[in-house]
Each structure stands twice: as C-alpha cells, then as structure tokens.
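*Asks:* Shown below is the structure under consideration.
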Ligand SMILES: [Zn+2]
Ligand SMILES: [Zn+2]
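Chains as they are written, first to last, in the working numbering: chain A, 1 to 493; chain B, 1 to 493.
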C-alpha cells in the first residue's frame with residue numbers, strides 16, 4: 001500500500017470514530033436524560049483525545065511528504081489536499097488543550113440550558129470565561145501556524161478561504177443598505193393584516209405534518225430520522241442523518257419551516273459522493289455551503305409562495321382546518337414573509353437575519369482577537385442591537401448574548417456562515433433559473449429537477465473543489481452578494 | 001502515580017469507550033434506520049479494535065505485577081482482582097482466533113435470521129460447525145490458562161465462580177422435582193378459567209402505563225429512559241440506563257411485565273457504587289446476579305398478587321377499562337401465573353423456564369467439552385424436550401435448537417445465568433422477609449423498604465465481593481435452591 005492509500009485508510013478509521021461521536025452527540029441533545037451528562041462528557045472527551053491521537057500519529061508526516069511526491073489523479077489530489085488541511089488543523093493544538101476545551105465546553109453548554117431560562121448571566125459567565133480563554137489560546141496557536149490573525153484562523157475551520165477582510169467588506173456593504181430596506185418593508189407590511197395561528201396544534205400532528213413535508217422534499221428515511229431537541233440541528237452521518245426540531249403547541253409555522261431548513265442540510269449530507277465516503281472529499285464543502293443548502297430549501301423553495309400553497313394544503317389537511325382562515329394560502333404566504341425587528345436570531349425572518357449575524361460576527365471577531373473581554377459582551381450586544389435593529393437588551397441576557405448555543409462550547413467563527421449561506425443560496429437559484437422553470441416545477445409539486453441540479457452541482461461534489469471553484473463551476477462566478485440583495489428586494493418590496 | 005492507580009486510570013479510559021459502545025449499540029437497536037447499518041457496523045468494529053488494543057497494552061503486565069506487590073486496602077484488592085480477571089479474559093486469546101470468531105459468528109447469526117424462519121437445519125449447521133469448532137478452541141485456551149475444564153472456563157466469562165460440578169448438582173435436584181410439580185400445577189390450573197386480553201391496546205397508552213409502573217418501581221428518570229426495540233433489553237451505562245420493550249397492540253400483559261423485568265436490571269445498574277464508577281468493582285457482579293435483580297422485580301414483586309392489584313388499578317385507569325373483566329384483579333393474577341408446556345424459552349412462564357435452561361446447559365456443556373458433536377444437537381434436544389416437558393421437536397428446528405440467538409455467535413456458557421438468577425432472587429426474598437413485612441410493603445404501594453434492602457445488600461456492592469461472598473453476606477448462606485423450590489410451590493400449588 002503506498003503512502004496515499006495508507007493516508008486514506010487511516011482517515012477512514014478516524015471517520016469511524018467521528019461517526020460514533022456524531023451519534024452520541026445527537027443522543028446528548030435529543031435523547032439523553034440530564035443525569036447522564038457528566039459521564040457522557042468524560043466519554044466524549046476520551047473519544048476526542050483518541051481522534052486527536054490518531055490525527056497525531058508520527059508516520060503521517062512522512063506519508064504526506066511521500067504522497068505529495070506521488071503521481072495522483074486530480075480527484076486523489078483533492079482528497080490529499082483536504083486530508084492535509086484537516087490534519088494540519090487537527091494537529092496544531094496540544095492534547096491538553098483539546099481535552100480541557102471538550103470538558104469546559106460540555107459543562108458550559110449543559111449548564112447554559114438552565115441558566116438561559118433563568119437569565120443567569122453571572123452563572124453562565126463563570127463557566128464561559130474558561131471557554132473564551134481556551135478558545136483564544138486555540139486561535140493564537142492556529143494563527144501562529146497559518147500566519148493569519150487569530151479570528152481568521154478560527155474562520156478557516158468552518159469556512160476555508162474566508163477572511164475578516166472579505167467579510168468586513170461584504171458585511172459593510174450589507175450594513176449600507178439593509179437598515180433602510182428593513183424600514184421600507186416594515187412600512188409596506190404595516191398596511192397588511194395577517195391572521196396568526198392561535199390555538200392548540202399538538203406536537204404529534206405537527207410531527208406527522210413535518211414528516212409529510214420531508215417526504216415531498218425527498219428526504220431519504222432509510223438513511224435518517226426526525227426527532228426533537230431544544231436547539232434544532234442536523235447531525236449524524238451521511239448514511240444516517242439525524243435532524244431535529246422543536247414544537248410549540250400554540251403555533252405550527254416555525255417548526256414546519258424549521259423542518260424544511262434541516263431537510264436541506266440533510267439532503268446535502270445524504271447526497272454527498274459515496275465513492276469518497278470516509279475521506280474529507282466525501283464531506284460537505286464548508287459550513288457556508290452547508291447553510292446554503294438549508295437556506296435554499298427554506299428561503300428559495302420553502303418560502304416561495306407556490307411552495308407555501310402546498311404547505312397550506314398539507315397543513316389544513318393534517319389539522320383538519322380547511323375552513324380556518326389562518327390556513328388560507330394567502331395568509332400563510334404573508335405569515336412566511338413577515339418581517340419584524342426582534343431579539344432572537346433563530347426566530348428571525350430572512351430580511352433581519354443578516355443583522356443578527358453581523359452583530360455576532362463583529363463581537364466574536366473582537367473577542368477572539370483580544371480587542372474586547374468576555375464581560376464586555378452584554379453591553380456591546382445591547383449597543384449593536386440598538387444600532388442595527390433598534391432594540392435594547394439591557395439586563396435581558398436570555399434574549400441577548402445568551403440566546404445561542406454556538407459560543408457555549410467555543411464554536412467561534414461559525415456565525416458568518418449563516419449569511420454566506422443565504423448569499424450562496426440566492427446565487428444558486430439565479431443560476432438554476434437559467435435552465436429550469438423553477439416556479440413551474442414548484443407549482444407542480446414534483447421538485448425532482450431542482451434536486452437533480454443541486455445533486456449534480458453541489459451535493460455530489462463533496463469537497464473535491466474549493467468553495468470558490470465549486471461556486472464558479474455551478475454559477476459561472478464566485479460569490480456575488482448582488483443576487484442576495486436582488487432576491488430580498490424582489491421578495492419583500 | 002503508582003501501578004495500581006495507573007491501572008485504574010487505564011481501566012476508566014477503557015470504560016469511556018465502552019460507554020460510547022453501549023449508547024451506539026442502544027441506538028442501533030432502538031433508533032437507527034436500516035440504511036445506517038453498514039457504516040455503523042464498521043464504526044463499531046473500529047471501536048472494538050481500539051478497546052482490544054487498550055486491553056493489550058504491553059505495560060499492563062508490569063503494572064499488574066507491581067500492583068500485586070503493593071500494600072492495598074481491601075477495596076483496592078477487590079478492584080485489582082476484578083481488573084486482572086477482565087484483563088486475563090480479554091488478552092488470553094490470540095488475535096487470529098478472535099477475528100475468525102467474529103467473522104464466523106457474524107456470518108452464522110446473519111444467515112440464521114432467515115434459516116430459522118425456513119426451519120433450515122442443514123443450512124444452519126453448515127455455518128454453525130465452524131462457530132462450534134472455534135468456540136471449542138476458545139474454551140481450550142481459556143481452560144489451559146485457568147486450570148478449569150473447557151466449559152467451566154466459558155462459564156467463568158458470565159458467572160465467575162460457577163462450575164459444572166455445582167450446576168450439575170443444582171440442576172439434577174431441580175430435575176428430580178420440577179416435572180412432577182409442573183404436572184400438579186397444570187392439573188390444578190386446568191380447572192380455572194382466565195379471560196385473555198382481546199382488542200386494541202394502543203402502544204402510546206401502553207407506554208404511558210409502563211412509565212407509570214416504572215415510577216412506582218422508582219426508576220430514576222434523570223438517569224435513564226424507556227424506548228422500543230424488536231428484542232427488549234437493558235443497555236446504556238449506570239448514569240444513563242436505556243431499557244426497551246416491544247408493544248403488541250392486541251394485548252398488554254407481556255410488555256407490561258417486560259418493563260417490570262427490565263426495570264429490575266436498570267435499578268441494579270443505577271444503584272451500582274458511584275465511588276467505583278469506571279472500574280470493574282463498580283460493575284454488576286455477574287450475569288446471574290443481574291438476572292436475579294430483574295427476576296426479583298418480575299417474579300418476587302411483579303407477579304406477587306398484591307402488586308398485580310396495583311397493576312390492575314393502573315391498567316384499568318390508563319385503558320379506561322374499569323368495568324372490563326379482563327382487568328379485574330383476580331383475572332390479572334391468573335393471567336400472570338398461568339403455566340404451560342411450550343417450545344419457546346423467551347415466552348416460557350416462571351415454572352417451566354428452568355426446564356428450558358437445564359436442557360440448553362446440558363447440551364452446551366457436552367458440546368464444548370467435546371462429549372457430543374454439533375450434528376447430535378437436534379436429536380438430543382428432542383430427547384430432552386420429551387423428557388422434561390413432554391414435547392417433540394423432531395424436525396421442528398425453528399422451535400427447537402435454532403430458536404435462540406446465543407449459540408449462533410458462540411455465546412456458550414450464558415444460559416445457566418437465567419436460572420441461577422431465579423434462584424438467587426427467591427433466596428434474596430426469603431432473607432428480606434426476615435426483617436421486612438414484604439407483603440405489607442407491596443400492599444401499601446410504597447416499595448421503598450424493599451429497594452433499600454436491595455440497594456444496601458446487592459446494588460451498592462458492585463463487584464467488591466465474590467458472588468458467594470455477596471450472597472452469603474446478604475442472606476447468611478451461599479446459593480440454596482430450596483428457597484426457589486419453596487417459592488414455586490407456594491405460588492403455584
Ligand atoms: Zn442551518
Ligand atoms: Zn433479564
């Protein structure tokens with residue numbers, strides 16, 4: 001076996017342990033009783049140490065050196081490039097730091113679930129200080145190894161190729177037109193009336209409806225399932241994708257669209273190239289591209305008025321509400337395009353969402369670069385929230401800086417992916433429309449042509465191309481935020 | 001860190017990986033969609049290889065030698081004894097044999113699932129011959145290492161301290177009175193009439209009822225949960241115990257008592273000594289003692305007429321069936337004490353169960369010791385089945401020697417634990433009655449005194465004592481099957 005194949009076999013072995021980590025992580029969020037947390041955190045930490053040790057086997061250095069000299073096909077070169085990137089990212093941190101982060105993150109995240117409900121910033125900060133401290137150590141080590149700034153080195157984990165420079169320029173542009181656009185849309189919508197869902201929508205019925213929508217979106221139930229968790233996510237492995245949602249029995253629209261969103265993530269995973277399973281080339285390209293697929297499902301398909309018509313039919317059928325004006329097509333269309341300035345990112349509409357992301361981006365960028373301290377975050381949050389959305393979060397931590405899970409376990413650098421994803425999704429739709437009558441396809445109810453385009457251009461590419469190459473091959477150009485702006489103006493003005 | 005503490009830390013690390021294996025194993029049985037099976041099997045195999053490698057680290061030999069010379073407390077000596085036993089059992093087999101067994105066992109078990117349905121003994125025997133051959137090799141290697149007979153060396157894996165000599169004498173005694181007792185009970189019950197559950201008992205309602213019974217049995221829901229699987233089991237880890245059941249919507253009595261049984265396993269796990277968590281001393285004493293706890297819950301509590309009265313109240317409440325004679329206390333008491341001679345062990349009642357176990361014990365003992373050959377098994381099965389239960393299995397392999405999964409992958413030596421567990425349970429109850437008014441406690445509905453006795457005498461002992469020491473300390477004598485006989489006669493005559 002030559003060095004390249006030894007690397008591939010070694011990487012596949014690591015993937016087996018990441019598989020177990022993904023399933024046990026899903027279990028932690030969706031199944032595990034609270035009393036299991038401490039022992040699970042220790043077991044997961046031991047697993048992370050083992051994965052770290054596998055990544056740090058001394059022979060890998062030699063194998064990479066040999067493989068880079070060997071004659072390889074273009075695909076093999078892509079596999080090698082991604083294996084090396086992951087190897088470098090994984091091996092640069094000392095084992096003691098990896099283990100400390102895993103334990104501190106699990107503890108902080110677990111306690112946060114209650115502290116958030118209690119608006120307990122002091123309790124949270126006591127755990128979070130350690131998480132931030134360890135993440136800064138991580139960022140500095142990564143920065144030293146790559147010649148990037150600390151925050152750019154963290155960004156690279158989620159969005160290879162992204163940089164503060166590019167994001168600052170992208171987001172500054174958004175900040176130049178978004179607040180005005182939001183106000184114009186709010187003014188326009190202030191003249192419309194919408195009926196809100198009121199009443200009792202049992203979780204069981206919502207789940208049945210969600211499963212029906214997943215079926216229409218061609219989710220593969222032989223390779224995945226739907227469950228519940230506090231914070232909806234898409235986990236598991238490509239052969240067994242676990243998506244979750246959260247039901248509120250007083251309304252059904254949020255959970256329903258949440259399921260559409262997670263189904264987008266899931267179909268990307270289910271559509272990844274099986275020939276490269278177990279290697280990084282068989283994995284999702286980046287968090288931004290991952291989010292582009294969920295947001296394609298949610299924003300480009302799910303909130304298209306013609307798709308909402310299908311949702312209205314299904315929902316009124318499942319809730320036996322054919323004569324309920326809440327379920328009327330026009331009303332649901334309005335419900336699914338309402339804009340409001342509000343506190344919670346995960347509940348935010350498409351239009352205000354970038355403001356939530358830019359706020360977090362600016363704070364975490366400065367936090368990781370050491371420009372601000374963890375205790376400054378609530379005040380900065382309040383300040384930016386006032387500026388971007390005109391809302392005060394003073395003393396309101398649960399709806400402010402304690403609302404998201406990401407920071408609780410040190411996932412700094414992740415937030416920009418949401419808005420990058422929204423931009424990529426709009427760009428993919430613009431390109432798709434050159435060859436597909438998208439509205440006609442959505443109206444028909446059989447979305448196969450749309451999924452075939454996504455499968456061919458995005459899903460089955462895995463990480464064989466860089467993000468820029470992927471986007472250029474699929475759309476003819478690299479990221480161009482004009483498609484996003486045009487999409488928002490067309491939908492909301 | 002001295003050698004003893006190095007061993008403890010190493011063992012705790014192994015336990016972390018066994019934790020992940022337990023959770024992913026539970027997921028495989030209770031949650032995983034079929035399409036996830038192949039990748040999961042590979043991931044689980046990689047995990048087993050890792051655990052095997054951890055057990056085979058060369059420094060362990062030296063650490064054990066050093067630790068055995070060190071001054072240790074009595075508890076530390078118990079921990080060391082159990083760590084060494086597990087280490088020797090895990091490392092004595094050559095890797096080539098372990099691998100051959102894994103392949104042959106998986107092949108035989110997989111094919112058996114269909115062959116059993118097809119009553120295909122010839123097809124099964126073709127695979128099983130290899131499994132038996134490899135298990136005999138295993139038994140001989142274990143025998144050479146321990147100075148035991150081959151079958152005793154296999155028994156030791158599940159029931160440390162058990163021996164053919166002791167089991168022969170125990171089971172010969174049972175055989176001397178059991179067939180007569182069964183016939184007397186059948187004669188007595190032939191005059192009774194019982195109403196069978198007929199109708200529609202929704203799984204959701206059965207689950208709610210099961211949860212209510214688990215609550216009465218003081219299952220700790222902060223450290224465990226109830227789910228569904230084809231084959232009910234108790235899995236997970238002591239801090240997070242996962243029990244499963246299987247619902248049939250045409251009746252509810254089996255699943256309900258199945259939940260009582262698994263709750264017994266679960267409470268043993270939940271009650272294991274936390275001070276020894278992660279070491280073998282913090283684990284269950286043996287398969288027989290584990291089964292003694294599930295059978296204590298099922299046979300000594302669950303089928304006590306006074307407990308069945310509570311079940312009748314709860315069940316008629318959950319199914320809103322207060323006037324249904326099926327749910328009458330006297331009828332449920334009869335339902336839960338019906339005896340019949342039948343083919344299938346897992347469906348057998350308390351009274352005939354030992355006959356099923358003794359038959360299997362005698363066959364696997366002689367098979368592993370080389371006294372009989374694999375091809376002799378169907379005839380021997382038929383012969384013993386005729387003798388013990390008066391049933392012929394000639395040509396009926398699916399309800400005969402092909403009914404159980406245990407032998408398909410070479411788990412020889414496990415079966416005696418079931419009946420040892422029933423005997424220990426009866427003995428524990430006899431001892432408990434010396435200080436506790438058990439019937440009064442059960443009648444009251446607050447079972448706390450019973451659980452306190454079990455927690456103090458069994459659960460919190462973990463594996464600190466040998467089985468004989470544990471039983472003698474709890475009951476004043478080592479295993480005495482007279483308690484079992486007296487229990488059966490009192491209940492059924
Ligand atoms: Zn998403
Ligand atoms: Zn059992």
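Using N, Cα and C, we set each Cβ at its ideal position, and we do this for glycine too. Please read all numbers here as calculations on a predicted model, not as lab measurements.
Tell me whether residue 51 (chain A) sits in a helix, a strand or coil according to DSSP, three-state version.
*Replies:* Note: residue 51 (chain A) maps to helix in three-state DSSP.
*Asks:* Which one or two residues does DSSP pair with residue 15 (chain B) in a beta bridge?
*Replies:* According to DSSP, which records beta bridges pairwise, residue 15 (chain B) is partnered with nothing at all.
*Asks:* Could you pull out every unbroken alpha helix (DSSP H) segment of at least 4 residues lying fully inside the region 405 to 473 of chain B, listed in chain order?
*Replies:* 416 to 432, 438 to 444 and 448 to 457, all fully within the region 405 to 473 of chain B.
*Asks:* Quick one: what's residue 228 (chain B) bridged to in DSSP?
*Replies:* Bridge partners of residue 228 (chain B): B:245.
*Asks:* List the residues that DSSP assigns as beta-bridge partners of residue 236 (chain A).
*Replies:* In DSSP, residue 236 (chain A) forms a bridge with A:241.
*Asks:* Using a Cβ-Cβ cut-off of less than 8 angstroms, give me the residues of the region 434 to 453 of chain B that come near chain A, in sequence order.
*Replies:* Cβ contacts with chain A: none found.
*Asks:* Any heavy atom of ligand 2 closer than 7 angstroms to the beta-carbon of residue 294 (chain B)?
*Replies:* The answer is yes for residue 294 (chain B).
*Asks:* Beta-carbon within less than 8 angstroms of residue 29 (chain B)'s beta-carbon, same chain only, minus the 5 sequence neighbours each way: which residues are those?
*Replies:* Closer than 8 angstroms at the Cβ level, and outside the excluded window around residue 29 (chain B), lie 229, 230, 231, 233, 235 and 244.
*Asks:* Tell me whether residue 416 (chain A) is buried or exposed, calling it buried when 16 or more other Cβ atoms sit within 10 Å of its Cβ.
*Replies:* Label assigned to residue 416 (chain A): buried.
*Asks:* Less than 8 angstroms separating the beta-carbons of residue 352 (chain A) and residue 182 (chain A)?
*Replies:* For residue 352 (chain A) and residue 182 (chain A), yes; Cβs fall inside 8 angstroms.
*Asks:* When burial is assigned at 16 or more other CB atoms within 10 Å of the CB, is residue 221 (chain A) buried or exposed?
*Replies:* Exposed, by the Cβ-count rule.
*Asks:* Please confirm whether residue 460 (chain A) has its beta-carbon closer than 8 angstroms to some beta-carbon of chain B.
*Replies:* Taking Cβ atoms only, chain B never reaches closer than 8 angstroms to residue 460 (chain A), which makes this a no.
*Asks:* What would DSSP say about residue 85 (chain A), mapped onto helix, strand or coil?
*Replies:* In this structure, residue 85 (chain A) counts as helix in the three-state DSSP scheme.
*Asks:* Could you give the C-beta distance for residue 167 (chain B) and residue 361 (chain B), rounded to a whole number, given that I count them as a contact under 8 angstroms?
*Replies:* 6 angstroms between Cβ atoms; contact.
*Asks:* Taking Cβ-Cβ distances below 9 angstroms as the criterion, which residues of the region 36 to 49 of chain A are in contact with chain B?
*Replies:* So the close ones are 36, 37, 38, 39, 40, 42, 43, 44, 45, 46, 47 and 49.
*Asks:* In chain B, which residues lie with their C-beta within 9 angstroms of the C-beta of residue 233 (chain A)?
*Replies:* Those within 9 angstroms of residue 233 (chain A) in chain B number zero; the least Cβ separation is about 16 angstroms.
*Asks:* Should residue 474 (chain B) go down as buried or exposed, given a rule of 16 or more other Cβ atoms within 10 Å for buried?
*Replies:* Buried.
*Asks:* Does DSSP classify residue 485 (chain A) as helix, strand or coil?
*Replies:* Three-state result, residue 485 (chain A): helix.
*Asks:* If you measure from the CB of residue 265 (chain A), is any heavy atom of ligand 1 nearer than 7 angstroms?
*Replies:* Yes, the beta carbon of residue 265 (chain A) sits closer than 7 angstroms to at least one heavy atom of ligand 1.
*Asks:* For residue 72 (chain B), which three-state DSSP category applies?
*Replies:* If DSSP states are grouped into helix, strand and coil, residue 72 (chain B) belongs with coil.
*Asks:* Is the region 3 to 23 of chain A touching the region 17 to 28 of chain B in the sense that three or more CB pairs, one from each, lie closer than 8 angstroms?
*Replies:* Yes: the two stretches touch, three or more of their Cβ pairs being nearer than 8 angstroms.
*Asks:* Determine the burial state of residue 373 (chain A): buried for a count of at least 16 other Cβ atoms within 10 Å of its Cβ, exposed for fewer.
*Replies:* Exposed.
*Asks:* Would you call residue 371 (chain A) buried or exposed, if buried means 16 or more other Cβ atoms sit within 10 Å of its Cβ?
*Replies:* Residue 371 (chain A) should be labelled exposed.
*Asks:* Name, please, each residue of chain B whose Cβ falls closer than 9 angstroms to the Cβ of residue 224 (chain A).
*Replies:* What residue 224 (chain A) touches in chain B: 33, 35 and 36.
*Asks:* If we cut at 8 angstroms on Cβ distances, does residue 200 (chain B) have a partner in chain A?
*Replies:* By this cut-off, residue 200 (chain B) is not an interface position.
*Asks:* Do you know how far the Cα of residue 423 (chain A) is from the Cα of residue 449 (chain A)?
*Replies:* The alpha-carbon atoms of residue 449 (chain A) and residue 423 (chain A) are separated by roughly 22 angstroms.
*Asks:* In whole angstroms, what is the alpha-carbon distance linking residue 137 (chain A) and residue 156 (chain A)?
*Replies:* Rounded to whole angstroms, residue 137 (chain A) to residue 156 (chain A) spans 16 angstroms at the Cα level.
*Asks:* Once you ignore the five residues that flank residue 411 (chain A) on each side, which residues in its own chain have a CB closer than 6 angstroms to its CB?
*Replies:* The answer is none, since no qualifying residue turns up.
*Asks:* So is residue 1 (chain B) buried or exposed if we call it buried at 16+ other beta carbons inside 10 Å?
*Replies:* Exposed, by the Cβ-count rule.
*Asks:* Taking its Cβ as the centre, do 16 or more other Cβ atoms sit within 10 Å of residue 246 (chain B), making it buried, or is it exposed?
*Replies:* The residue in question, residue 246 (chain B), is exposed, as its Cβ has fewer than 16 Cβ neighbours within 10 Å.
*Asks:* Determine the DSSP secondary structure at residue 393 (chain A), reduced to helix, strand or coil.
*Replies:* DSSP places residue 393 (chain A) in coil when its eight states are reduced to three.
*Asks:* List, in order along the chain, the chain A residues whose C-beta lies closer than 7 angstroms to that of residue 237 (chain B)?
*Replies:* Under the 7 angstroms cutoff, chain A gives 39.
*Asks:* Applying a beta-carbon distance threshold of less than 8 angstroms, which residues of chain A neighbour residue 17 (chain B)?
*Replies:* Neighbours of residue 17 (chain B) on chain A, chain order: 43, 46, 47 and 50.
*Asks:* At the level of alpha carbons, what is the spacing between residue 211 (chain B) and residue 194 (chain B)?
*Replies:* When rounded, the distance between both Cα atoms is 26 angstroms.
*Asks:* Which residues in the same chain have their Cβ closer than 7 angstroms to the Cβ of residue 31 (chain B), if we skip the five residues on either side of it in sequence?
*Replies:* Here the set comprises nothing.
*Asks:* In this structure, does DSSP put residue 262 (chain B) in helix, strand or coil?
*Replies:* Here residue 262 (chain B) sits in helix by DSSP.
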